[in-house]
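So the protein lines, in turn, are chains V and L. Note that the first sequence covers residues 1 to 212 in the numbering used here. Note that the second sequence covers residues 1 to 469 in the numbering used here. The beta-carbon is built from N, C-alpha and C at its ideal position, and this holds for glycine as well. Accompanying notes for the structure given below.
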Amino acid sequence: MKAFTQLNGLVCAMDRANVDTDAIIPKQFLKSIKRSGFGPNLFDEWRYLDHGEPGMDNSQRPLNPEFELNFPRYAGAEVLLARDNFGCGSSREHAPWAIEDYGFRALIAPSFADIFFNNCFKNGLLPIVQPADVVDQLFREAAASEGYRLNIDLAAQTITTPSGQVFSFEITEHRKACLLNGWDEIGLTLRHADEIRAFEEKRKSEQPWLFA
Amino acid sequence: MSCKTLYDKLWESHIVRQEADGTCLIYIDRHLVHEVTSPQAFEGLKLAGRQLWRKSSIVSTADHNTPTNEWDKGIQDPISRTQVETLDANIKEFGALAYFPFKDIKQGIVHVVGPENGATLPGMTVVCGDSHTSTHGAFAALAHGIGTSEVEHVMATQTLVAKKSKAMLVRVDGVLGKGVTAKDVALAIIGKIGTAGGTGYAIEFGGSAIRGLSIEGRMTLCNMAIEGGARAGMVAFDDKTAEYLKGRDFAPKGELWDKAVAYWSSLVSDEGAQFDAVVELKAEDIAPQVTWGTSPEQVLPVTAVVPNPADQADPVKQASYTRALQYMGLEANTPITDIPVDKVFIGSCTNSRIEDLRAAAGVVKGKKKADSVKLVLIVPGSGLVKRQAEEEGLDKIFIEAGFEWREPGCSMCLAMNADRLEPGERCASTSNRNFEGRQGQGGRTHLVSPEMAAAAAIAGHFVDIRNWN
Numbered sequence: 001m002k003a004f005t006q007l008n009g010l011v012c013a014m015d016r017a018n019v020d021t022d023a024i025i026p027k028q029f030l031k032s033i034k035r036s037g038f039g040p041n042l043f044d045e046w047r048y049l050d051h052g053e054p055g056m057d058n059s060q061r062p063l064n065p066e067f068e069l070n071f072p073r074y075a076g077a078e079v080l081l082a083r084d085n086f087g088c089g090s091s092r093e094h095a096p097w098a099i100e101d102y103g104f105r106a107l108i109a110p111s112f113a114d115i116f117f118n119n120c121f122k123n124g125l126l127p128i129v130q131p132a133d134v135v136d137q138l139f140r141e142a143a144a145s146e147g148y149r150l151n152i153d154l155a156a157q158t159i160t161t162p163s164g165q166v167f168s169f170e171i172t173e174h175r176k177a178c179l180l181n182g183w184d185e186i187g188l189t190l191r192h193a194d195e196i197r198a199f200e201e202k203r204k205s206e207q208p209w210l211f212a
Numbered sequence: 001m002s003c004k005t006l007y008d009k010l011w012e013s014h015i016v017r018q019e020a021d022g023t024c025l026i027y028i029d030r031h032l033v034h035e036v037t038s039p040q041a042f043e044g045l046k047l048a049g050r051q052l053w054r055k056s057s058i059v060s061t062a063d064h065n066t067p068t069n070e071w072d073k074g075i076q077d078p079i080s081r082t083q084v085e086t087l088d089a090n091i092k093e094f095g096a097l098a099y100f101p102f103k104d105i106k107q108g109i110v111h112v113v114g115p116e117n118g119a120t121l122p123g124m125t126v127v128c129g130d131s132h133t134s135t136h137g138a139f140a141a142l143a144h145g146i147g148t149s150e151v152e153h154v155m156a157t158q159t160l161v162a163k164k165s166k167a168m169l170v171r172v173d174g175v176l177g178k179g180v181t182a183k184d185v186a187l188a189i190i191g192k193i194g195t196a197g198g199t200g201y202a203i204e205f206g207g208s209a210i211r212g213l214s215i216e217g218r219m220t221l222c223n224m225a226i227e228g229g230a231r232a233g234m235v236a237f238d239d240k241t242a243e244y245l246k247g248r249d250f251a252p253k254g255e256l257w258d259k260a261v262a263y264w265s266s267l268v269s270d271e272g273a274q275f276d277a278v279v280e281l282k283a284e285d286i287a288p289q290v291t292w293g294t295s296p297e298q299v300l301p302v303t304a305v306v307p308n309p310a311d312q313a314d315p316v317k318q319a320s321y322t323r324a325l326q327y328m329g330l331e332a333n334t335p336i337t338d339i340p341v342d343k344v345f346i347g348s349c350t351n352s353r354i355e356d357l358r359a360a361a362g363v364v365k366g367k368k369k370a371d372s373v374k375l376v377l378i379v380p381g382s383g384l385v386k387r388q389a390e391e392e393g394l395d396k397i398f399i400e401a402g403f404e405w406r407e408p409g410c411s412m413c414l415a416m417n418a419d420r421l422e423p424g425e426r427c428a429s430t431s432n433r434n435f436e437g438r439q440g441q442g443g444r445t446h447l448v449s450p451e452m453a454a455a456a457a458i459a460g461h462f463v464d465i466r467n468w469n
């Protein structure tokens, strides 16, 4: 996994609540058996004016000029500023895969859906929860100044605005360590293989019907 | 001894180890695997040279991509076919307790297949790379969806890294009225708490109305916990749970059964157990529900009118209402019962079990589909549900009404196969999500119960099922 330490990134503001994973990456792209290449189809139904299918040459498709991602001012954005309940709906990890593949590294919203939030950390993406009034302020600032960037420091757990205002954010120690170091979580867990095996043996003796 | 919730008991009995920050390693008993969210996980195992930790934990089937007609022709879409064949090959290479491939009599939607084979048992942790895994909580199990990285993690380690959620009790007391189903209860709860209301919580559904639901009804309810934002929904163990499970393939037998039931009887919240949040509804207040917008929380009783965005004080909500009405092609203040439908879908992991099909058939019997309705799809949840329905003659009732009787699968719930809405088409659907494009790009979904969907197919528009005869 790609490590995440610090980021000074251009902000793309997407002012709508309850953005669901069907919108983030529509179902037809879930047929892939690969983990990569979903970026061009991120927000496919909002981003393009035609109907997208796997295997199309996306560079030839008509873009929807009214969709935020297509605004020239947001080209190259690495921070996605969003509203409540971002990532609701299905568990598809294709959603964070597409967001990461597009080039985003961090997301900021008042709330995220649980499964999506969890999936982000497995892919080097940092989802940050901020109070609604802070998010409102960031939306206002992003709208007011083109090229609006935020500085995100994971070690310090801070977001710094261009004017130098600092907001702190919460993250569990475990997730922070994994992101900072780009650790493979399976490898970490397997260090406890003996404990897992002992737990399993005990369970087998107490509830043998689970091990039919 | 302190009083514990059902969730406390399920969580604590699966902790392998706990870190100082509260992060736990949780043991996973059952892992359900389907074709869409597993290929990258198997690939990860192969690349790292890892094996399955315990292959007897895995029950697998192909459901999302499989066609629901012309099975003799196989899977026509080459990309869908590759994904299903990849699952075949991965299960062959890595192994599983059970695999129900495309066309097997036991193949079907993973959340229908698990319980009907007794592969979901009380006290288990159940995971699957699918958000509707919450369904299995109906058996007093801790069940939730996971992403593909976690699918791989469970495959390789039989555990998940997780933090305990908060506990919410949703209590529904009273007796549900005629024509009011578990689906209506689920939608009414989501209408009350919102799609993010359960975020960060595991929900236990309790109260006399929940106890009164059948196991299949409880599955419908738990299935939609995720639409209320909660990864896990659950219902306490009782005699109905035991009765449903007894004799099923993977349920314990003989002496082990008695031992299991003795343990399972403890899988209830203790009297006086504390929840972080409690939400209460009266069963008598719940009418048949219909969603009008593009989020499951945008739901109203069938007797209501489409809301006016101008009445919303919150500007973000007002914008979302306006956008939803525009997408749905609806005018404010239109009575719900005046909304015509183009297609009807009865199926999905929410409502495709035998009781759902019986209920729909009961509404339809001796009647015909409205001419204005282009297509009515009846998609049973599994091969076993289909066979049972045919033994009861339900298929004939549907066919005589002009409906299509299809093969099992996820079908038009998410339209990964050929079953989908065309742009602008309006559908009464028994599925779980009315998101933009969910049933096909530009398609308009109204979530309802099987009875309400069946009645809409006959009438050509939504009707209050309580007045049906």
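One thing to note: ILE109 of chain L has its Cβ no nearer than 8 angstroms to the Cβ of GLY443 of chain L. Excluding the 5 residues flanking it on each side, ILE171 of chain V has same chain C-beta neighbours closer than 7 angstroms at GLN157, in chain order. Beta bridge pairing from DSSP links HIS132 of chain L with no other residue.
Straight-line measurement puts the Cα of GLY87 of chain V at about 19 angstroms from the Cα of ARG175 of chain V. Contact check for PHE38 of chain V against PHE67 of chain V fails: the beta carbons are separated by 8 angstroms or more. For ALA143 of chain V, same chain residues with a beta-carbon under 8 angstroms away, outside a window of 5 residues either side, are ALA13 in chain order.
For ASN181 of chain V, the uninterrupted alpha helix (DSSP H) segment begins and ends at 173-181. Look at the region 13-29 of chain V: the residues with a C-beta under 9 angstroms from a C-beta of chain L are ASP15, ARG16, ALA17, ASN18, ASP20, THR21, ASP22, ALA23, PRO26, LYS27, GLN28.
In this structure the region 417-430 of chain L touches the region 331-349 of chain L; the number of beta carbon pairs closer than 8 angstroms is three or more. In this chain, SER382 of chain L is not harboured by any alpha helix (DSSP H), its DSSP state being neither H nor E. Around the beta carbon of CYS222 of chain L, 16 or more other beta carbons sit within 10 angstroms, so the residue counts as buried.
For chain V, the residues of the region 232-255 of chain L that bring a beta carbon within less than 7 angstroms of one of its beta carbons are PHE250, PRO252, in chain order. Considering only L:ALA401, L:GLU297, L:ILE15, the residue with the shortest C-alpha distance to ALA370 of chain L is L:ALA401. Our two residues, ARG433 of chain L and GLU150 of chain L, have alpha carbons roughly 23 angstroms apart in a direct line.
Under the DSSP assignment, TYR327 of chain L falls in the alpha helix (DSSP H) whose first and last residues are 315-328. About 12 angstroms separates the beta carbon of TYR27 of chain L from that of PHE211 of chain V, a gap too long to meet the 8 angstroms contact definition.
The C-beta of ASP239 of chain L has fewer than 16 other C-beta atoms within 10 Å across all chains shown, which makes the residue exposed. Sixteen is the threshold: since fewer than 16 other Cβ atoms of the shown chains lie within 10 Å of the Cβ of ARG191 of chain V, the residue is exposed.
Under DSSP, PHE104 of chain V takes part in no beta bridge, so it has no partner. Ranked by Cα distance from ARG50 of chain L, the first of L:THR120, L:HIS153, L:GLN318, L:LYS374 is L:HIS153. For the region 5-23 of chain L, the set of residues with a beta-carbon nearer than 9 angstroms to any beta-carbon of chain V comprises SER13, HIS14, ILE15, VAL16, ARG17, GLU19, ALA20, ASP21, GLY22, THR23, in chain order. Each of L:GLY118, L:THR5, L:ALA283, L:GLY329 was checked against the Cα of ALA186 of chain L, and the nearest Cα belongs to L:ALA283. When CB distances to chain V are screened at a threshold of 8 angstroms, the residues of the region 428-440 of chain L falling below it are ARG433, PHE435, GLU436, GLY437, ARG438, in chain order. At least 8 angstroms separates the beta-carbon of ALA277 of chain L from that of HIS144 of chain L. Contact note: LEU190 of chain V reaches chain L through ALA156, THR157, using a C-beta cutoff of 8 angstroms and chain order.
For SER91 of chain V, the nearest beta carbon of chain L is closer than 8 angstroms to its own beta carbon. Closer than 8 angstroms to the CB of ALA415 of chain L there is at least one CB belonging to chain V. Of the other Cβ atoms in all chains shown, 16 or more fall within 10 Å of the Cβ of ALA455 of chain L; this residue is therefore buried. In the structure shown, ASP77 of chain L falls within a coil segment according to DSSP collapsed to helix, strand and coil. The residue from L:MET224, L:GLY229, L:VAL235 with its alpha-carbon nearest to that of ALA209 of chain L is L:VAL235.
Counting only residues of its own chain and dropping the five nearest sequence neighbours on each side, GLY383 of chain L has a CB closer than 7 angstroms to the CB of ASP104, ILE105, LYS106, GLN107, GLY108, PRO408. DSSP places TYR263 of chain L within a helical segment (H, G or I) once states are collapsed to three. The straight-line gap separating the alpha-carbon atoms of PHE104 of chain V and GLY89 of chain V is approximately 20 angstroms. For a cut-off of 8 angstroms, the C-beta gap from ASP20 of chain V to PHE435 of chain L is around 5 angstroms, short enough to register as a contact.
Interface annotation for the region 134-147 of chain V against chain L: empty, criterion Cβ-Cβ distance under 8 angstroms. Boundaries for ALA212 of chain V: no alpha helix (DSSP H) harbours it, and the DSSP string shows neither H nor E there.
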